[in-house]
Each structure stands twice: as structure tokens, then as C-alpha cells.
């Protein structure tokens, strides 16, 4: 079904970065033909290794922003928001729509994208989650999964199933550092990720509201006895989670692509990274994201792009077995 919005920015179809087994823009080293004169055990060049490391670090920083909202909600409310990926995609579509209709720079559309995603989270909490908040945790998991499916189908009606990207010239402009190439868009996304993670960390440590949120996360009963409105804290936490997801959306559309069906992949990747970092470790998301990003990049470089996702899931299982609290979380 064709969407109701223009498709002028959907002509460039980019491959998914981490919700598909195919890798965008990189050749599988095993598929490169060697001349008879080359050594059979030809080593990958130093530049290729450094390029992969840098790409992994930058993408790992972006991973942190993609999962920040889910990690925050999970840490405060102990709810796995299965609609988190759809909130991210919603923010991306808002930026795409503003670019197509009025030519608004994606970075300038970040506040509106965040506000709309946060407002959607507010409605979801007030109408649905608040009613079943005190019931079994499985109920919230199933409910948010259903909301995610609803939002994905809503996106399908508005924007169709076409791959759409937020194409801006400056984001694709390469920056050369001694033979190593990175795009300005990747740098901007990485900087924004750092600012969001550090800003949220400072908010939780320095503000009165942030301290109330931390107390509620540690012990809800004690927080209620001390006069903290835990219901209001839950509402605020869920809205902040939606707002952070909305901030990640324009960057997703700018660096990769948008599609109504990619939300579940975003959610799964965000949950994996949350487990790796550990519950309650907001700064740990950056480090965990870099570990995951570099590991995936090295897997693509030295093995095969088809094993990229396998690395993430394998690391996820290993961490669950040897350190369930996560790499940077507090031991229970």
C-alpha cells in the first residue's frame, strides 16, 4: 500500500546495519579474489583494521543512544518496553516528514521528534500501562509488544513498506584521517549519543527529581514511605524513555534507513545492550555499546558479515552465564 507522504527521499535504499545479516557498504573479505602471486595467508591491511575499529567505536556509541530509553525504563520500572523500537522509528519518520515537506535539517527536528515520541509514550502509559502496572510483569511485556505491532502497522499505512532514508549532503560527507574515512553524520550521531548519556546521568545524580527516580528504582516501598509519588515517577520515567527513543530516530534514518518493520530489531538490540551494560549503569551503555560495535566490526572484517549478529547474541548468552548483573552493573 502506498504511503500518503512523498517518496522523494526514499530513492536511496541502504542496507540495514544491525537488524539484517547483510552488512552495508563492506565487502566480505572471504569473497575477494586473490591473484596467484599473493600469499595464501594474506593479512588484512592495517588501514582496514583501524577503519573497522573506528567504525565499530562510532557505531557502538550510536547503539548506546538507540537503547538508552529502554535501559532507563527497565532500570526504573522493571518493564521491558517491547514498543521501544517503534518509538525510535516514530522519531525517525517525524524527521523524515519534516525534511520532505519543509526541508528541515534532521538535527533541527530532534526536539519535535523527541516531543512526539515522548507524548506517544505518555498516552500509552496513561491509557494502557497504568491500568495493569501492578499486575504480573508478563502482562506489561505482552501489552507493549501488542502496542509495538499496532504502531508498526500504523506506520505502514502512512509511509508504506518502502525503505526511506533521511538524505542530507553534509551527513554523507567523508572526513579523511590518514587514509581512514568517517562521515560527518557518524561523528554528529556519536557526539549526540555521548551528550544524551552524560546528560541523563547528570540529571539522575544532580537534580531532586533525578534523585527521587533513583530512590524509586532501588526500593519502591521505601520511596513511597518517604513521600515520593511513585506513580508519578513511573509516568515520568516512561515519558523520558519515549523522549530518548525519539531523539535516536532521526539519527537512525540519517545513518541507515527507516521501515515500519525494523522496530523489533531495534528493541532486541537495545535489550541485548542493556543486559551487557547492566541494570542501573547509564554510563556503562557507552562502553558496552563500543564493545559490541567493535566486536561486530571485527567479525565482519576477519570472518564473514553473516556472523555479525551471531557475535552479539553469543556475547549476550556468555554474559548471562558468567555475570548476570552485566559488565558494569552492581553484583546482586
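Numbering (our numbering), first residue to last: 163 to 494. Backbone N, C-alpha and C define an ideal beta-carbon position, used for all residues, glycine too.
Per DSSP, cross-strand counterpart(s) of residue i
i	result
residue 345	336
residue 420	326
Euclidean distance between Cα positions of residue i and residue j
i	j	result
residue 303	residue 259	30 Å
residue 482	residue 488	7 Å
residue 335	residue 328	14 Å
residue 384	residue 400	21 Å
residue 263	residue 480	47 Å
residue 410	residue 477	24 Å
residue 308	residue 420	20 Å
residue 462	residue 220	15 Å
residue 404	residue 253	9 Å
residue 460	residue 215	7 Å
residue 422	residue 387	44 Å
residue 172	residue 349	A caution first: residue 172 carries a pLDDT of 45, below 50, which makes its placement in the model unreliable, though a value can still be read off. Taking the straight line joining both Cα atoms gives about 23 Å.
residue 338	residue 213	11 Å
residue 207	residue 353	28 Å
residue 319	residue 312	11 Å
residue 436	residue 447	7 Å
residue 469	residue 217	17 Å
residue 267	residue 297	43 Å
residue 242	residue 301	11 Å
residue 285	residue 453	35 Å
residue 438	residue 431	11 Å
residue 377	residue 392	10 Å
residue 316	residue 289	18 Å
residue 283	residue 257	18 Å
The ligand GDP heavy atom lying under 7 Å from the CB of residue i
i	result
residue 410	In terms of ligand content, the structure shown is empty, and the ligand GDP therefore cannot be addressed.
Given residue i as reference, the closest of the options once Cα atoms are compared
i	options	result
residue 230	219, 246 and 239	246
residue 471	486, 249 and 455	455
residue 372	442, 326 and 273	442
residue 265	242, 427, 461 and 331	331
residue 433	222, 219, 211 and 228	228
residue 234	338, 402, 286 and 294	402
residue 280	319, 217 and 406	406
residue 314	440, 473 and 248	248
residue 427	251, 292, 207 and 351	251
residue 451	457, 217 and 225	225
residue 346	333, 358 and 222	333
residue 236	415, 355, 458 and 306	306
residue 449	378, 351, 283 and 359	359
residue 429	391, 295, 390 and 310	310
residue 364	326, 240 and 445	445
residue 255	484, 414 and 439	414
residue 366	389, 398 and 269	398
residue 412	282, 239 and 326	326
residue 355	408, 473, 389 and 211	408
residue 222	295, 484, 240 and 458	458
residue 382	210, 240 and 211	240
Residue burial classification, residue i (beta-carbon count within 10 angstroms, cutoff 16)
i	result
residue 276	buried
residue 321	buried
residue 244	buried
residue 369	exposed
residue 343	exposed
residue 490	buried
residue 273	exposed
residue 486	exposed
residue 425	buried
residue 417	buried
residue 362	buried
residue 467	buried
residue 375	buried
residue 299	exposed
residue 293	exposed
residue 340	exposed
residue 475	exposed
residue 287	buried
residue 396	buried
residue 278	buried
residue 394	exposed
residue 270	exposed
residue 323	exposed
residue 261	buried
residue 389	exposed
residue 357	exposed
residue 238	buried
residue 291	buried
residue 232	buried
Any chain B beta carbon closer than 8 Å to residue i
i	result
residue 261	Considering every chain present, this structure includes no chain B. It has just one protein chain.
Starting from the N-terminal side, write out each stretch of the alpha helix (DSSP H) that is 4 residues or longer and does not extend beyond the segment 347-413.
Taking only runs of at least 4 residues, the alpha helix (DSSP H) segments lying wholly in the segment 347-413 are 370-380 and 382-387.
Just list the alpha helix (DSSP H) runs in the segment 270-297, keeping only unbroken ones of 4 residues or longer that don't cross its boundaries, in chain order.
You should have 272-286.
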